[in-house]
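Colleague:
Residue numbers (my numbering): 26 to 486.
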């Protein structure tokens, strides 16, 4: 659900600061629906290495096959095929390293959302299998190296790499995130400015706990090095100004104006102009708004929306809320993540109780937890408490929220059971990352083919 697709591409002769908060406000007629994005590696069945972009069995060939056999409309970056929009509203796009992203149409309930995801992902798995490829969700590409993994040859990707390389050590995680990372993201709606504040603060406060519970990227280049989430570790090293919690989220008052002022102070990475993508930095968006761009033009509405898309915080704030903190779960357990966020966000008593549980932790404590969780997992401490203990309480609140939604006719009866795999993590004290590490040394016998067989999306029959 990209912002630029949610808003019309209207142009304005000169953007003014009072216009900007509109990007964070719910559109007329908004209602609470659920969106799901699943990023997955498309891996060689034998080696576990990511498919290249080109060639007869590369990602472009797979997308062309989708167009031939499933219909839809292609999406291009210049002459580079980067995605397909299917007739039912599903979007399939490529990330910078060729990772496949499934993006759902919004659904009214979790069971409908999950069923649609299963159909499309398993259909895609069947097509990928014809190329000797497997679709593998999770937190990263487990067998590629950042210096040898493929790139999708887009101009925008090259501009972004140039920007992050110019940051030195503060940007050294960006190639890993762009080229290797995968995740599962849930998009939820807010209905008013007060509703935005209520939901955003809970999601931001809960994000390090949820990320600690969901660590799931322990392998890098086929090796275990003690890190439970390479993705979460690398994400913190891709420009500290645009990662972590959204700046105003844990402060009061939390308003659209506060979010606007925060985003104005961040540098813009790139701009899409009539001549193509080009670097916009190192100036902030406020500078561009005041002084214009180097080509003599001034910032328009599309520039502002693009700038907001260039902020990679735990929750991406726009006309909806996109939760981005945790790794993606294994395929069978993907429903647990939208179920957790929906139960916490869309049931006001659960949301208020979660905020009461988390509100006393400082932004500094939240940041410290985010930095500790890639190595510590459930043992991560948020202030004086462990992520393990806090996760148990949040799960109970999320389950209560889903059960209340079932009683209200907003969810189907099976929805609360989507949380069971997360309860099992707490019961066994073993995260998905630790399960994978154990199997890698034993069941899989350090063999990528066995890993892929165990973690792939099952093809539709």
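Just so it is clear, CB atoms sit at the ideal spot from N, CA and C, and this is done for glycine as well.
Values in this document were obtained by computation on a predicted structure and should not be read as measured data.
#1: Express the C-alpha separation of residue 374 and residue 232 in angstroms, rounding to a whole number.
#2: When you compare only the Cα positions, how much space is there between residue 175 and residue 384?
#3: Leaving out five residues on either side along the sequence, give the residues of the same chain with a beta carbon under 6 angstroms from the beta carbon of residue 394.
#4: Residues in the same chain with beta-carbon distance under 7 angstroms from residue 483, minus the five sequence neighbours each way, listed in chain order, please.
#5: Give a yes or no on contact between the region 189 to 208 and the region 256 to 269, applying the rule of three or more CB pairs nearer than 8 angstroms.
#6: State yes or no: is the C-beta of residue 123 within less than 7 angstroms of the C-beta of residue 109?
#7: Sorted by chain position, which residues of the same chain lie with C-beta nearer than 8 angstroms to residue 185's C-beta, five sequence neighbours on each side aside?
#8: Reducing DSSP to helix, strand and coil, say where residue 336 ends up.
#9: Hey, quick one: how far does the alpha helix (DSSP H) through residue 460 stretch, first residue to last?
#10: With the cut-off set at 7 angstroms, would you say residue 135 and residue 364 are in Cβ contact?
#11: For residue 269 versus residue 392, is the C-beta spacing smaller than 7 angstroms?
#12: Rounded to a whole number of angstroms, what is the C-alpha to C-alpha distance between residue 74 and residue 157?
#13: Over what stretch of residues does the beta strand (DSSP E) that includes residue 101 continue unbroken?
#14: Take the Cβ of residue 399 as the centre, count every other Cβ of all protein chains shown within 10 Å, and call the residue buried at 16 or more, exposed below.
#15: Is it right to say residue 478 is buried, meaning 16 or more other beta carbons lie within 10 angstroms of its own, or is it exposed?
#16: Within a Cβ cutoff of 8 angstroms, which residues of the same chain sit near residue 409, ignoring the five residues on either side of it in sequence?
#17: Determine the direct distance from the alpha carbon of residue 41 to that of residue 266, and round the result to whole angstroms.
#18: If you draw a straight line from the alpha carbon of residue 144 to that of residue 91, how long is it in whole angstroms?
#19: Within the continuous alpha helix (DSSP H) that includes residue 63, where are the two ends?
#20: For residue 217, which residues of its own chain have a beta-carbon under 7 angstroms away from its beta-carbon, when the five flanking residues on both sides are left out?
#21: Could you name the residues of the same chain whose beta carbon sits closer than 7 angstroms to that of residue 379, not counting the 5 residues immediately before and after it, in chain order?
#22: Take residue 446 and list the residues in its own chain whose beta-carbon comes closer than 6 angstroms to its own, dropping the five residues that flank it on each side.
#23: Can you give the Cα-Cα distance for residue 244 and residue 71, rounded to whole angstroms?
#24: Considering only heavy atoms of the ligand COA, does any lie closer than 6 angstroms to the CB of residue 52?
#25: Does the region 278 to 292 come into contact with the region 45 to 64, if we say contact requires no fewer than three beta-carbon pairs (one atom in each stretch) closer than 8 angstroms?
#26: In terms of DSSP beta bridges, what is residue 161 paired with?
#27: Quick check on the burial criterion: 16 or more other C-beta atoms within 10 angstroms. Buried or exposed for residue 299?
#28: Taking the Cβ atom as the reference point for each residue, do residue 314 and residue 324 lie within a distance shorter than 7 angstroms?
#29: Identify every residue that forms a DSSP beta bridge with residue 490.
#30: Would you mind reading off the limits of the beta strand (DSSP E) that contains residue 223?
#31: When you compare only the Cα positions, how much space is there between residue 274 and residue 386?
#32: Would you identify the three-state DSSP class for residue 395, choosing helix, strand or coil?
#33: Looking at the unbroken beta strand (DSSP E) that takes in residue 206, where does it start and where does it end?
#34: Suppose the cutoff is 7 angstroms on Cβ atoms and the five residues either side in sequence are ignored; what does the same chain contact list for residue 197 look like?
#35: Can you list the beta strand (DSSP E) stretches of 3 or more residues lying completely in the region 363 to 430, in chain order?
#36: Would you please state the rounded distance, in angstroms, between the beta carbons of residue 177 and residue 107? I believe it to be under 8 angstroms.
Modeller: The short version:
#1: When rounded, the distance between both Cα atoms is 19 angstroms.
#2: Going by the C-alpha atoms only, they are around 42 angstroms apart.
#3: These residues qualify, in order along the chain: 233, 405, 407.
#4: So the qualifying residues of the chain are 147, 150.
#5: Taking 8 angstroms as the limit for Cβ pairs, the verdict is that the region 256 to 269 does touch the region 189 to 208.
#6: The answer is no: Cβ separation not under 7 angstroms.
#7: Around residue 185: 121, 199, 203, 294, 295.
#8: In this structure, residue 336 counts as coil in the three-state DSSP scheme.
#9: Taken as a continuous stretch (DSSP letters only), the alpha helix (DSSP H) holding residue 460 covers 457 to 466.
#10: When the beta-carbon positions are compared, residue 135 and residue 364 come within less than 7 angstroms of each other.
#11: Going by C-beta atoms, residue 269 is nearer than 7 angstroms to residue 392.
#12: Each residue's Cα considered, the two are about 12 angstroms apart.
#13: Segment 98 to 102, the beta strand (DSSP E) holding residue 101.
#14: Classification for residue 399: buried.
#15: By the 10 Å Cβ count, residue 478 comes out exposed.
#16: Sequence-distant partners of residue 409 (beyond 5 residues in either direction) whose C-beta falls short of 8 angstroms from its own C-beta are missing from its chain.
#17: If you take the alpha carbons of residue 266 and residue 41, they lie about 23 angstroms apart.
#18: Distance between the alpha carbons of residue 144 and residue 91: 14 angstroms.
#19: Per DSSP, residue 63 lies in no alpha helix (DSSP H); the unbroken beta strand (DSSP E) holding it starts and ends at 59 to 69.
#20: Same-chain partners within the cutoff: 51.
#21: Taken in chain order, the residues that qualify are 227, 231, 369, 419, 422.
#22: Spatial neighbours of residue 446 in its own chain (CB-CB distance under 6 angstroms, excluding positions within 5 residues in sequence) are listed in chain order as 358, 361.
#23: Going by the C-alpha atoms only, they are around 17 angstroms apart.
#24: Absence of the ligand COA is noted for the structure shown, with no ligands found whatsoever.
#25: Yes, the region 278 to 292 is in contact with the region 45 to 64.
#26: Partner(s): 66.
#27: Within 10 angstroms of the beta-carbon of residue 299 lie fewer than 16 other beta-carbons, which makes it exposed.
#28: At the C-beta level, residue 314 and residue 324 come within 7 angstroms of one another.
#29: Summary: the structure shown does not reach residue 490, with the chain confined to residues 26 through 486, and so no result is reported for it.
#30: Run containing residue 223: none in the beta strand (DSSP E); it sits in the alpha helix (DSSP H), 218 to 238.
#31: Going by the C-alpha atoms only, they are around 13 angstroms apart.
#32: Residue state, collapsed to three classes: helix.
#33: Here residue 206 belongs to no beta strand (DSSP E), and DSSP marks it neither H nor E.
#34: Only 262 meet the Cβ criterion.
#35: Taking only runs of at least 3 residues, no beta strand (DSSP E) segment lies wholly in the region 363 to 430.
#36: Yes, they are in contact, since the Cβ atoms of residue 177 and residue 107 sit about 7 angstroms apart, within 8 angstroms.
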